[in-house]
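S.K.: What follows is a structure written as structure tokens; I'll ask about it next.
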Amino acid sequence: MPSLLHSLRLPLAALLLATTALPLHAAPGAPHTHGAAHDRAHDPEHPAPAEDGTGVPGQAGAVTRTIEVDMGDDMRFTPAAFDVRAGETVRIALRNRGMLRHELVLGNAQTLAAHYDAMLARPGMTHEHTANALSLDGGETGELLWRFTDAGTVSFACLEPGHYPAGMRGEVRVR
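Here the sequence shown stands for residues -26 to -1, 1 to 149, where the numbers follow mature numbering (1 follows the signal peptide of the UniProt record, and there is no 0).
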């Protein structure tokens, strides 16, 4: 007969694995770090590449143009697609014209689908503003700065529960 410790091993391992993916927050006002990879993402001399090949965080001084993107409660981005040049740094100016919370997350189709599944497994999880993602409540505006490094297609989506399968996604064609 298995011991109590043995029977708890798998659930405990699953719990530990799940919680290591959660963001850690310092007490208000306390200094904190997000780790070396995150810190490099803000270093203009050595930006960290996105793990899924979508590009790197952009620097304000390198922005060549602004692309305005609206997010709406019709579960659509407007525009749902746009073109950029390989190596171009753009400002993506986001406006949530709806009442629901929406977000724009840059990635590739595979990472976005996997990330959406992770969001469903953790109800109430939201994204803070990161280099490749921004969540906005209804009526809010914000921006992402991104350098699209390689030719190809970069996907974007809203990963709020129900929004992604409802069609709230788009693509950047990098030429």
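Where is the CB? At the ideal position from N, CA and C, for every residue including glycine.
Just so it is clear, the structure is predicted and the values come from calculations on it, not from any experiment.
May I ask you to list the residues that DSSP assigns as paired with Asp57?
M.R.: DSSP output for Asp57 lists Arg147 as bridge partner(s).
S.K.: Taking Val148 and Asp124 to be in contact with their CB atoms under 8 Å, please state how far apart those CB atoms are, rounded to whole angstroms.
M.R.: 7 Å between Cβ atoms; contact.
S.K.: Roughly how many angstroms separate the alpha carbons of Ala83 and Ser129, rounded to a whole number?
M.R.: Computed Cα separation, rounded: 6 Å.
S.K.: In the DSSP assignment, the beta strand (DSSP E) including Asp44 goes from what residue to what residue?
M.R.: Looking at the DSSP string, the run of the beta strand (DSSP E) that includes Asp44 is 37 to 46.
S.K.: Between Glu134, Thr127, Gly136, Pro135, which has its C-alpha nearest Ala54's C-alpha?
M.R.: Considering only alpha carbons, the answer is Thr127.
S.K.: In whole angstroms, give me the CA-to-CA distance for Gly32 and Gly136.
M.R.: Their backbone Cα atoms lie some 30 Å apart in a straight line.
S.K.: Extract the residue ranges of the beta strand (DSSP E) inside the segment 59 to 110, only unbroken runs of 3 or more that lie entirely within it.
M.R.: Entirely contained in the segment 59 to 110, the beta strand (DSSP E) runs reaching 3 residues are, in chain order, 62 to 70, 76 to 81, 107 to 110.
S.K.: DSSP puts Leu119 in a beta bridge; with which residues?
M.R.: Looking at the DSSP assignment, Leu119 forms a beta bridge with Arg65.
S.K.: Give a yes or no on whether the C-beta atoms belonging to Leu119 and Glu77 are separated by under 8 Å.
M.R.: Not a contact, by the Cβ cut-off of 8 Å.
S.K.: On the premise that Met49 lies in contact with Gly141, defined as a C-beta separation below 8 Å, what is that separation, rounded to the nearest angstrom?
M.R.: Their Cβ separation, rounded to whole angstroms, is 6 Å, which keeps Gly141 and Met49 in contact under 8 Å.
S.K.: Exposed or buried, which one is Thr115 when buried takes at least 16 other CB atoms within 10 Å?
M.R.: By the neighbour-count rule (16 or more Cβ atoms within 10 Å), Thr115 is not buried but exposed.
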